[in-house]
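S.K.: In this text, residue positions in the sequence shown follow the UniProt record's numbering: the first is 1, and each later residue adds one.
In this text, a Cβ means the ideal position worked out from N, Cα and C, and glycines have one as well.
As the structure is a prediction and not an experimental result, all values here were calculated from the model.
My structure is below; once you've seen it, I'll send some questions.
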Amino acid sequence: MTLRTGGGGDISASAPGRCRVVIENITPRVDAGRFAVKRALGEQVVVGADVFCDGHDELSALLLHRHADEDQWHKVPMKHLGNDRWEARFTVTALGSSYYTVEARVDHFLTWRKDLAKRFAAGQDLDVDREIGARLCEAAALRAGSDAARDLRSWATRLREAPDDAAALRLAEDEALAALMAWHYDPQLVTLAENELRVDVERERALFSAWYELFPRSCCTEKDAHGTFADCERLLPEIARMGFDVVYFPPIHPIGRTNRKGKNNSTVAEADDPGSPWAIGAAEGGHTDIHPELGTLEDFRRFIARAAEYGIEVAMDIAFQCAPDHPYVRRHPAWFRWRPDGSVQYAENPPKKYQDIIPFDFETSEWRDLWQELTEVFRYWIAQGVKIFRVDNPHTKPFGFWEHLIGAIKSEHPETIFLSEAFTRPKVMYRLAKLGFSQSYTYFSWRNTKWELEQYMRDLAAPPVRDFFRPNFWPNTPDILPEVLQYGGRPAFVIRFILAATLSSNYGIYGPPFELFVGEALPGKEEYKDSEKYEIRCWDWDNAEHMRELIARINHIRRDNPALQTTWNVHFCETDNDNLLCYVKATEERDNLLLIAVNLDPFHTQKGKIRLPMESLGLSPGHPFLAHDLLGEGRNIWHSEWNAVELDPRQLPAAVFRLYPRLRREQDFDYFM
Numbered sequence: 001m002t003l004r005t006g007g008g009g010d011i012s013a014s015a016p017g018r019c020r021v022v023i024e025n026i027t028p029r030v031d032a033g034r035f036a037v038k039r040a041l042g043e044q045v046v047v048g049a050d051v052f053c054d055g056h057d058e059l060s061a062l063l064l065h066r067h068a069d070e071d072q073w074h075k076v077p078m079k080h081l082g083n084d085r086w087e088a089r090f091t092v093t094a095l096g097s098s099y100y101t102v103e104a105r106v107d108h109f110l111t112w113r114k115d116l117a118k119r120f121a122a123g124q125d126l127d128v129d130r131e132i133g134a135r136l137c138e139a140a141a142l143r144a145g146s147d148a149a150r151d152l153r154s155w156a157t158r159l160r161e162a163p164d165d166a167a168a169l170r171l172a173e174d175e176a177l178a179a180l181m182a183w184h185y186d187p188q189l190v191t192l193a194e195n196e197l198r199v200d201v202e203r204e205r206a207l208f209s210a211w212y213e214l215f216p217r218s219c220c221t222e223k224d225a226h227g228t229f230a231d232c233e234r235l236l237p238e239i240a241r242m243g244f245d246v247v248y249f250p251p252i253h254p255i256g257r258t259n260r261k262g263k264n265n266s267t268v269a270e271a272d273d274p275g276s277p278w279a280i281g282a283a284e285g286g287h288t289d290i291h292p293e294l295g296t297l298e299d300f301r302r303f304i305a306r307a308a309e310y311g312i313e314v315a316m317d318i319a320f321q322c323a324p325d326h327p328y329v330r331r332h333p334a335w336f337r338w339r340p341d342g343s344v345q346y347a348e349n350p351p352k353k354y355q356d357i358i359p360f361d362f363e364t365s366e367w368r369d370l371w372q373e374l375t376e377v378f379r380y381w382i383a384q385g386v387k388i389f390r391v392d393n394p395h396t397k398p399f400g401f402w403e404h405l406i407g408a409i410k411s412e413h414p415e416t417i418f419l420s421e422a423f424t425r426p427k428v429m430y431r432l433a434k435l436g437f438s439q440s441y442t443y444f445s446w447r448n449t450k451w452e453l454e455q456y457m458r459d460l461a462a463p464p465v466r467d468f469f470r471p472n473f474w475p476n477t478p479d480i481l482p483e484v485l486q487y488g489g490r491p492a493f494v495i496r497f498i499l500a501a502t503l504s505s506n507y508g509i510y511g512p513p514f515e516l517f518v519g520e521a522l523p524g525k526e527e528y529k530d531s532e533k534y535e536i537r538c539w540d541w542d543n544a545e546h547m548r549e550l551i552a553r554i555n556h557i558r559r560d561n562p563a564l565q566t567t568w569n570v571h572f573c574e575t576d577n578d579n580l581l582c583y584v585k586a587t588e589e590r591d592n593l594l595l596i597a598v599n600l601d602p603f604h605t606q607k608g609k610i611r612l613p614m615e616s617l618g619l620s621p622g623h624p625f626l627a628h629d630l631l632g633e634g635r636n637i638w639h640s641e642w643n644a645v646e647l648d649p650r651q652l653p654a655a656v657f658r659l660y661p662r663l664r665r666e667q668d669f670d671y672f673m
């Protein structure tokens, strides 16, 4: 039940000397409330608190929550879980910031009712106690509105005039009276938690999405031609059929010519080399301009509109760095770092050098102008219809800058989603998430063994990390071709795809190379040979050797099964074979139960037994239940907690079972068999 209060958002200060309750350890909270927790529309915030006081009185605690635009608090009674721990929850229903806190008090009515029952059981006289209860009702009536006041006075009279103590006890234990007293308590006795905590609410796509990355210049129809936005439009029906809802473009801006990189990151470019899209800026413009060979701004806006017709959003890459010939370098030289010899400082991570890129100097005395300009870059593209941004290397820019920028943009456009591409130390990744990034790339690309995957998921799914860090799993990127994809062949691609798409509710693939099983790397490196970062790859979109049907099937399963639409509900199952990774994902109501089994070995068939967490899934040993493989379409009737699987990587290295726990009648089995 949700209670509402009047009188606005300010909660009047209570009298400390009369307020005996202590409130501690409110969760969720991030860094003692310094940062907001994250939720998407429709998600719940489960709030817990330690609430206690001196003596043996009964307590009542309320969860208070309101949206930033609301003046009134909503109040939800908290449940006592035991050992002084209390809990309640609320559902977020509006974008932007909401706030929550806890109030608690000694509940004199509940204390009186408890003691009344004890005295009655002991055979004691209750005349005085009945009068105390009546006076509690009359005091509450003075705080209530007219209708409630009338009812409370009536309860007081009935307690006094009850024919005997047993009748009085029955009146005292009536829940209608308890509800009235819960509404009209004495505010002077309320303890309010010291701080309000914040939850930032984003739209559903921040929680559940499937990304498809492609270079628009490689959407060409003829070899050696430069692809355009118009060429990309013809791919939209197939991308939509595969079930992707986000198409992500690397930078689409003019590419610098000074120190342009050649094929395979060569420092010598041929005349026809297109350069790296991340070397942004040339005579044609900079971060708010479009590479002329891709098309015009109108072409880009048309692509966004066409994608929307298929239920797809366009994610845009924002990389805050410049080519040497970016207009910023000429107009704002103070935004860059200059060496003693008069040359500009190029980007480098010694011994690596990026001769085609100049980083911004965020320690410049003109940092305010720099911050404002870069914030305007986001505003410009939002005005063109872009609502999702993949941000390149945010960990190489100041944390304060991102807190300012994301806060400003989300205050104006709370529907905006930011994906952080920061492959760096965990604490740095986490800080960026706390500052407002909606999703984050992760170390999933390098987690391969059963132990590594289980431990990593437990780290991500445990508080407080789960309250601010949303992982987005990518089995490959233009920068990363993991070893397992280099040597594991088609089975490795299938394994890594199914893991990414079922462990995390947000995932993506660097599309054409992944679906075509491209695994050729530069010798000794996790980098693509003939990388699309440095040349145009006119992919054979009609190649029959692809995994599009499996991709479409998995995305269909994700959309049909709410258990796969969150990351935090994973439960790993015991197996007798370490080459088998098995995990359960279930909705809170247990009306959607999935068991995913994956063979982590791309070379050999693996078989073994899986131990299901029967009780937590609502399954009863000895009672049959159906396991329907949504991938292979096989069906099994299982009866116990241990069940056998066998997975051949050359056929299908995984199974996604939907479990039906309540099938009891013979006709139920006939329906599914």
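Decide if residue 682 is buried, meaning its Cβ has at least 16 other Cβ atoms within 10 Å, or exposed.
M.R.: Residue 682 lies beyond the range of the chain shown here (1 to 673); nothing can be said about it.
S.K.: Is there contact between the stretch 566-581 and the stretch 548-557, where contact requires at least three CB pairs shorter than 8 Å?
M.R.: Not touching, per the Cβ criterion.
S.K.: Just tell me which of V22, P653, Y660 and F300 has its CA closest to the CA of A627.
M.R.: Comparing Cα positions, the closest option is Y660.
S.K.: Please identify the residue among A383, N349 and P512 whose C-alpha is closest to the C-alpha of L297.
M.R.: The option with the nearest alpha carbon to L297 is A383.
S.K.: Check for me: the alpha helix (DSSP H) holding S616 runs from which residue to which?
M.R.: It spans M614 to L617 - the alpha helix (DSSP H) in which S616 sits, taken as one unbroken run.
S.K.: Is S504 near the ligand PLP - that is, is its Cβ less than 6 Å away from at least one heavy atom of it?
M.R.: Summarising the ligand content, the structure contains no ligands, and the ligand PLP is consequently not present.
S.K.: Closest to P602 by CA distance: which of G608, P653, I557 and R635 is it?
M.R.: Looking at the Cα atoms, P653 is the closest of the given residues.
S.K.: Using only the alpha-carbon positions, how far apart do E161 and R135 sit?
M.R.: About 13 Å.
S.K.: What's the C-alpha gap between F109 and G133?
M.R.: Distance between the alpha carbons of F109 and G133: 7 Å.
S.K.: Going by other Cβ atoms of all chains shown within 10 Å of its Cβ, with 16 needed for buried, is I318 buried or exposed?
M.R.: Buried, since its Cβ has 16 or more Cβ neighbours within 10 Å.
S.K.: Looking at T442 and residue 712, is the spacing between their C-beta atoms short of 7 Å?
M.R.: Coverage of the chain is limited to positions 1 through 673, which leaves residue 712 absent and any answer about it impossible.
S.K.: Is the number of C-beta pairs between the stretch 288-305 and the stretch 331-345 that are closer than 8 Å three or more?
M.R.: Result no; under three Cβ-Cβ pairs closer than 8 Å.
S.K.: Does the count of Cβ pairs from the stretch 30-49 and the stretch 83-92 closer than 8 Å reach three?
M.R.: In short, these stretches touch, since the Cβ pair count reaches three.
S.K.: Please report the residue range of the beta strand (DSSP E) in which V391 lies.
M.R.: Where V391 is concerned, the enclosing beta strand (DSSP E) stretches over I388 to D392.
S.K.: Which term fits D560, buried or exposed, when burial requires 16 or more other beta carbons within 10 angstroms of its beta carbon?
M.R.: D560 is exposed by the Cβ-count criterion.
S.K.: How about W86 and V51: do their beta carbons lie closer than 7 Å?
M.R.: A contact, by the Cβ cut-off of 7 Å.
S.K.: Report the rounded CA-to-CA distance for E483 versus E526, giving the unit in angstroms.
M.R.: So the alpha carbons of these two residues sit roughly 6 Å apart.
S.K.: What does a CB cutoff of less than 7 Å around E284 pick up in its chain, not counting 5 residues either side in sequence?
M.R.: Result list for E284: P254 and P292, in chain order.
S.K.: Could you check the C-alpha separation between A323 and N265 for me, to the nearest Å?
M.R.: Distance between the alpha carbons of A323 and N265: 15 Å.
S.K.: Let me check understanding here. Comparing Cα to Cα, which of A68, K533, R34 and F120 lies closest to G96?
M.R.: For G96, the nearest C-alpha among the options comes from A68.
S.K.: Quick check on the DSSP output: the alpha helix (DSSP H) that includes T502 runs from which residue to which?
M.R.: Note, T502: alpha helix (DSSP H), G489 to L503.
S.K.: Using the Cα positions of R330 and V246, report the straight-line distance between them to the nearest angstrom.
M.R.: Going by the C-alpha atoms only, they are around 36 Å apart.
S.K.: On the criterion of 16 or more Cβ atoms from any shown chain inside 10 Å, does H184 qualify as buried, or is it exposed?
M.R.: So H184 ends up on the buried side.
S.K.: For N448, which option in A500, D542 and L152 has the closest C-alpha, if you only look at C-alpha atoms?
M.R.: Closest option to N448, Cα to Cα, is A500.
S.K.: Under 7 Å, do S445 and L432 count as touching if we go by C-beta distance?
M.R.: Not a contact, by the Cβ cut-off of 7 Å.
S.K.: Terminal residues of the continuous beta strand (DSSP E) containing A316?
M.R.: Looking at the sequence shown, residue 316 is not Ala but Met. Per DSSP, M316 belongs to the beta strand (DSSP E) from E313 to I318.
S.K.: I'd like to confirm the pairing. Which residues does DSSP put opposite P471 in its beta bridges?
M.R.: Beta-bridge pairing links P471 to S440.
S.K.: What are the boundary residues of the beta strand (DSSP E) that includes F35?
M.R.: Segment: none, F35 is in no beta strand (DSSP E) and carries neither H nor E.
S.K.: Please classify A13 as buried or exposed, where buried requires at least 16 neighbouring CB atoms within 10 angstroms.
M.R.: With a pLDDT of only 49 at A13, under 50, the local geometry of the prediction cannot be trusted, and no value is derived from it.
S.K.: On a Cα-Cα basis, can you pick out the residue from W155, A225, F208 and N643 that is closest to A141?
M.R.: When only C-alpha atoms are compared, the closest one is W155.
S.K.: Among A167, I406 and M457, which one has its Cα closest to the Cα of Q372?
M.R.: Checked all of A167, I406 and M457; the closest Cα to Q372 is I406.
S.K.: Spell out the partners DSSP gives I637 in its beta bridges.
M.R.: I637 is bridged to L626.
S.K.: Pick from E376, R113 and L59: whose alpha carbon is nearest that of R105?
M.R.: When only C-alpha atoms are compared, the closest one is L59.
S.K.: Alpha carbon to alpha carbon, what distance is there between R34 and T258?
M.R.: C-alpha separation (whole angstroms): 44 Å.
S.K.: Sort A544, V428 and L126 by Cα distance to F517 and report the nearest one.
M.R.: That would be A544, whose Cα lies nearest to the Cα of F517.
S.K.: Can you have a look at R658 and say buried or exposed, based on whether 16 or more other CB atoms are within 10 angstroms of its CB?
M.R.: R658 comes out buried.
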